[in-house]
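Quick note on the working numbering: the sequence shown kicks off at 145 and runs consecutively.
Note sheet for the following structure.
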Amino acid sequence: MKKLFAAALLALSSLAFGATLTPIQFISAAGSTSGQVITSTGPTTPLAWSNVSATALAAQAANTVVANVTGSSAPPTAVAIPSCNTSTSALQYTSGTGFSCFTGSAPSASPVFTGTAALPITNTVSGAAGTSRQFIFQTGGAARWVVQTSGEAESGSNAGSNFYIQNYSDAGSLLGNAIQITRSTGVVAFSQRPTFNGATPWDSGNLNLASPPSIGNATPAQVNSASGALNGSIGASTPSSGAFTTLSASGAVTGIPGRLLNVQVFSSSGTYTPTTGTAKVIVEVQAPGGGGGGVAATSTAQNAIAQSGSGGSYAKTLVTSGFSGVTVTLGAVGSAGSAGNNAGGTGGASSFGSIVSCPGGVGGAGSAGQATGFTQNGAAAPANCTVSGATVLLNFAGATGQPVTNMSSAAAYAVLGGLAALGYNSNGGNGSGGNGAAIPASTAATAGQAGVVGKVIVYEFN
């Protein structure tokens, strides 16, 4: 019985082993390398150490990779790769997250950057001679400004590759070369008149202050003679060194406030018409002098000395408005005292409209014959001028003549006419008084002298 059971167990074991492996092999690590695994190519071939090829891995879905994208050690898994195939796309990997598509990249050909692009300190835009090298500023894809070197051929002597700043229309069409710099000479050319601080001082290559700027605290400079208009205001400043050349110009010089434009002199009454461009005037009004008195005939041991006329009053004023078309009046001179004990006449008032009025000199008294040893004075001085609507610069009353004392009947000395601002006596100047008559003993009656005419002078400033 025991023999029968043992035989049956042996047969069953043989059957089971034969179904598992024929023949039985024992695998040893000998002969293997790091990273290899035990592989089988089928039920009839022996096991072996080998590397696993990519084709031996299990099939995965399209656009996936087998990887560990977690933040720590873990078995690999299938990770999807997103679609990222536009001209501005790039595959981006984020640790612990996986793959994503970045769509803001710029292509290597004609790249377009958004946001702020940082450039290195030194940048080179290189191109062959005779080609244009450009920076283009656009709005919505249309050019607005182009900064470039031109495509002119470099023919030697530093020619070619000139620099341009060009402006473009809303449609992106070239309007012109706003600024051009010639490389060989450094000359800068403008397509339009450049404007500095709200003014337009340069035109047609010449200094033309068409819109007057202010030139203040200038350093020493030379100004060449030129034709045309010289405009502008020159600030008060004294150069620290150097000297100015002769300033000469042909044509009108305008736009410099306070410049003297013209002087009008009135020796008789009339109407004042300002010179074009006159903004203010300085007016001098000199009234005429008074006439000197006459003297009666003298007997022996007598002489006669009459009073002289006093000078006319004078005023100098600054008038800034209301001067155009005013009436200019020159008063009559003080008449001479006729022969005999007769007084001279008082001069008439001279005026510039209703702005300035100056009284004429007072006429001198006549004189009869007198014994020696007396003193004769000049006529009294007139009043000062009256001024309304102007700034008074000067205002003088006419002067009286200096007194004379007669000490001998054999001679007589006249009292000289009173002085005026524009005249010193009856022999010269304007506005002085006439001399009084003076005769020695046994002389016929004699007339005095008339006063001297006045004058009105108008200085015109822009």
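Quick reminder that beta carbons are idealized off the backbone N, C-alpha and C, glycines included.
Note that this is a predicted model, so its numbers are computed, not measured.
Length at least 3, wholly inside the region 275 to 299: the beta strand (DSSP E) runs in chain order: Runs of the beta strand (DSSP E) inside the region 275 to 299: 277 to 283 and 286 to 293.
Nonlocal neighbours in the same chain, by C-beta distance under 6 Å from Val-536, ignoring five residues either side: Thr-461
Contacting residues, own chain, Cβ-Cβ under 7 Å from Val-596 (five flanking each side not counted): Pro-432, Gly-433, Val-477, Gly-567, Ser-570, Gly-573, Asn-574, Gly-575 and Ser-576
Helix, strand or coil at Leu-318 according to DSSP, with G and I counted as helix: strand
Pair within 9 Å by beta-carbon distance, Gly-505 and Gly-580: For Gly-505 and Gly-580, no; Cβs fall outside 9 Å.
Gly-245 in three-state terms, based on DSSP: In the sequence as presented, Gly is not what sits at residue 245; that position holds Cys. Three-state result, Cys-245: strand.
Simplified DSSP assignment, three categories, for Ala-192: strand
Where the beta strand (DSSP E) containing Val-506 begins and where it ends: Unbroken run through Val-506: none, as it is neither H nor E.
Burial state of Asn-195 (16 or more Cβ within 10 Å): Residue environment: Asn-195 is assigned as exposed (fewer than 16 neighbouring CB atoms within 10 Å of its CB, all protein chains considered).
C-alpha gap between Thr-232 and Leu-191, whole angstroms: 51 Å
Close beta carbons around Thr-275, own chain, < 7 Å, minus the five adjacent residues each side: Gly-295
DSSP state of Thr-519 mapped onto helix, strand, coil: strand
CA-to-CA distance, Thr-549 to Gly-561, given in whole angstroms: Distance between the alpha carbons of Gly-561 and Thr-549 is about 16 Å.
Of the residues Ser-411, Ala-322, Thr-260 and Ser-313, the one placed nearest Gly-598, counting alpha carbons only: Ser-411
Per-residue burial, Gly-469 [other beta carbons within 10 Å of its own, 16 or more giving buried]: The residue in question, Gly-469, is exposed, as its Cβ has fewer than 16 Cβ neighbours within 10 Å.
Cβ-based neighbour list, Val-439, same chain, cut-off 6 Å, excluding 5 preceding and 5 following: These residues qualify, in order along the chain: Ala-448, Ala-450, Ser-511, Ala-581, Ile-583 and Thr-590.
Cα-Cα separation, Gly-508 to Thr-420: Taken atom to atom, the span from the alpha-carbon of Gly-508 to that of Thr-420 is near 44 Å.
Nearest-angstrom Cβ-Cβ length linking Thr-444 and Ser-586, presumed shorter than 8 Å: That pair is a contact at about 6 Å.
Gly-414 classed as buried or exposed, judged by whether at least 16 other C-beta atoms fall within 10 angstroms: Taking a 10 Å sphere around the C-beta of Gly-414, we find fewer than 16 other C-beta atoms and assign the residue as exposed.
Simplified DSSP assignment, three categories, for Gly-414: Reduced to three states, the DSSP call for Gly-414 is strand.
Identity of the residue in Ala-555, Ala-556, Val-500 and Ser-454 nearest Ser-546 by Cα: It should be noted that the sequence gives Gln, not Ser, for residue 546. Comparing Cα-Cα distances from Gln-546 to each of Ala-555, Ala-556, Val-500 and Ser-454, the minimum goes to Ser-454.
Ala-222 burial status per 10 Å Cβ neighbour count (16 or more: buried): When all chains shown are included, Ala-222 counts as exposed.
Which of helix, strand or coil DSSP assigns to Gln-204: Gln-204 falls in the coil class under three-state DSSP.
Sequence-distant residues of the same chain with beta carbon closer than 7 Å to Thr-166, five excluded per side: Here Thr-166 scores only 49 on pLDDT, less than 50, and its place in the model should not be relied on; the value that follows carries that caveat. Within the same chain, Thr-166 has no close Cβ partners at all.
Separation of Val-600 from Ser-495, as counted between CA atoms: 8 Å
Option in Ala-297, Asn-267 and Phe-281 with minimal Cα separation from Ala-273: When Ala-297, Asn-267 and Phe-281 are compared, the shortest CA-CA separation from Ala-273 is found for Ala-297.
DSSP three-state assignment for Gly-578, whether helix, strand or coil: coil
Unbroken beta strand (DSSP E) run spanning Ile-426, endpoints: 424 to 430
8 Å Cβ shell around Gln-236 - same chain, five flanking residues per side excluded: Phe-243, Ser-244, Cys-245 and Phe-246
DSSP state of Ile-400 mapped onto helix, strand, coil: coil
Coil, strand or helix - Gln-408 by DSSP: strand
Residue burial classification, Pro-264 (beta-carbon count within 10 angstroms, cutoff 16): Under this definition Pro-264 is an exposed residue.
For Trp-289 and Thr-283, the rounded distance between their alpha carbons: 10 Å
Span of the beta strand (DSSP E), counted from its first residue to its last, around Tyr-557: It is not in any beta strand (DSSP E) - Tyr-557 carries neither H nor E in the DSSP assignment.
Local conformation of Ser-239 per DSSP, three classes: coil
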